[in-house]
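The block underneath contains the structure these notes are about, expressed in structure tokens.
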Amino acid sequence: MLFTFPASLLGGCASSVAPVAPVSSLAHRAIVQTAASWEAGKKTEQWLQFGFDAGHSGYNPLEKIVNAKTLKKLKIAWNDKKIIQPGGIVVDHNVAYIDDMGQAKQGLYALNATTGARKWYTNLQLNGSWGSFTHAVAVVAGKVVVSPCSNGSTSMFLTGLCGVNAKTGKVLWRTYCTQYQGNPCGGLVNGGTSPTLYGNLVYFQSTQGVNEQPDTEALDPRTGAIVWDVPGVYHCPDAGDGSNNPLPAANGLVFAVLGCQGSQGATEICALSAATGAAVWCDQSPTTYIEDLIADGSHVYLTEPTSNLNVVALDTNTGAQAWTVTLPGGNYSAMATADQRLFVEDDGPGVYALSTATGKSLWSYTANANLYVGGVLSVANGIVYADGGGGNNGNVAITALSQKSGHLIWTSGSIGNGGARMTPVVLNGTVYAGCYTMCSFTVPAK
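The following block contains the structure:
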């Protein structure tokens, strides 16, 4: 069921989301700049956050070096074996920032993206799960925003967000719980989503550990201050979103999964104003669990694992349902979108290409006995990259498919992955991926 709100009534999603007060001029500037920021992300070949852009499409439209022909020549350029099962990677002006949550040194690394030489390491005691593939940092205004980030305690309930100096690795600020307009914290933060960079602000969801209350928040990355906060529902710990993927944003809106909403306690997908947090529309999901959520300028795409996998497209601006498709499989889905195609990976394992306009099936690929398609996708220059980790055949780091036909073009071979499902980053002729450790693949110089 779709709920839309006239402008005079904006300020809450169902009965449980409280109105928010006027926000700072910084946030107002952010809403003005969002359209420009979206286009700028498409024109600057840096990979500054999970999924390349604010909608987390996974698509780098500027990559022209690695293609179906040169892809087969890729070789490992460097392999940092001290980074075990990396969680995610972003690249900003030839510096690769990698969060490692799988081992004792759970922290943030800065490496020369070309050579792999280490610039600095900061121990943030990230407290992430082993081989987590849903987290990545974001780079903005000379800072690396990291989630989760521990306060140094061994407890799993003392994590939040950190702002780290991108040049030195020095921690500049830490935000552990909601502190907005004099309201006390509802409890120390127990993890949350990766940060989303949109305009001048960072957006995320955090779970207040004491009350298990998932809040949706906007943060000033310069100071770590909360700009606005939309509180979740008491004792609704995961807000219906178990993937911890970052919140997508497009067209001046940030899209969030809000659990336990309304009189029926339903899960809703809500579009919140990026400037104020006020709800613009909410769509009630028929399931209580939303696994993945991405967006482009036209649609918000979500996956609902049931006995199979439901893929749903909602109109970005109104929330009206455009189409729904049921695919084989269930949990551990991922999506990417490029050139009017939506690519969906499920735990079949398999990858499916759908028309973004109609949901019509365009092709499907099901891995054979020697391959395993992982849980994350990227797209660049006509190629769909699937992380190959996990399962009984988790020794393939990358599987590459034709964007047009879905046929298998290349795999990275048996170099070891160990289930470290990290989104492949394709940038400037290089593919960065988890290979149990941290690998960079490039075309060798002639």
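Going by the numbering used here, the sequence shown opens with residue 1, and the numbers climb by one from there.
Each residue gets a CB set at the ideal place from its N, CA and C atoms; glycine is no exception.
A quick note: this is a predicted structure, and the numbers were derived from the prediction, not measured.
Could you round the C-beta distance between L124 and V146 to whole angstroms and report it? I think they count as a contact, below 8 Å.
-> 6 Å
On the three-pair Cβ rule with 8 Å, is the region 320 to 340 touching the region 288 to 304?
-> yes
Quick one, which of K170, S405, P248 and A357 has its alpha-carbon nearest Y198's?
-> P248
Distance CB(L309)-CB(I269) smaller than 8 Å = no
Distance, V90 Cα to F139 Cα = Here residue 139 is Val; the residue named in the question, Phe, does not match the sequence. In a straight line, the C-alpha of V139 is about 8 Å away from that of V90.
When you compare each of T276, S378, A54 and T437 to V351 by their alpha carbons, which one comes out closest?
-> S378
Under the three-state reduction of DSSP, which class applies to N428: helix, strand or coil?
-> coil
Would you list the residues sitting across from D99 in a DSSP beta bridge?
-> G88 and L108
Range covered by the beta strand (DSSP E) that runs through A400 = I398 to S402
Using only alpha-carbon positions, find the residue among W363, R118 and F343 that is nearest to A477.
-> Residue 477 is absent from the model: the chain starts at 1 and stops at 446.
Please name the residue or residues paired with Q261 in a DSSP beta bridge.
-> A266
By Cβ distance below 6 Å, which residues in the same chain neighbour V202 in space, the five residues on each side in sequence not counted?
-> V145, P195, L219 and P221
What number of angstroms, rounded off, separates the C-alpha of L258 from the C-alpha of T267?
-> 6 Å
So, helix, strand or coil for L124, using DSSP?
-> coil
Beta-carbon contacts of L358 that lie in its chain and below 7 Å, excluding the five residues immediately before and after | Rather than Leu, the amino acid found at residue 358 in this sequence is Thr. So the list reads W323, once near-sequence residues are dropped.
If we ignore side chains and look at the alpha-carbon of each, how far apart do L272 and K73 end up?
-> 45 Å
Same chain, Cβ closer than 8 Å to P328, five either side skipped, listed in chain order = N308, L309, D346, G348 and G350
Taking the CB atoms as reference points, tell me whether L111 and D92 lie closer together than 8 Å.
-> no
Where Y354 and G232 are concerned, what is the direct C-alpha to C-alpha distance, given to the nearest angstrom?
-> Correcting the residue identity first, residue 354 is Leu in this sequence and not Tyr. Going by the C-alpha atoms only, they are around 33 Å apart.
Residue of N381, D53 and L253 minimising C-alpha distance to T70 | N381
Coarse secondary structure for K75, derived from DSSP in three states = strand
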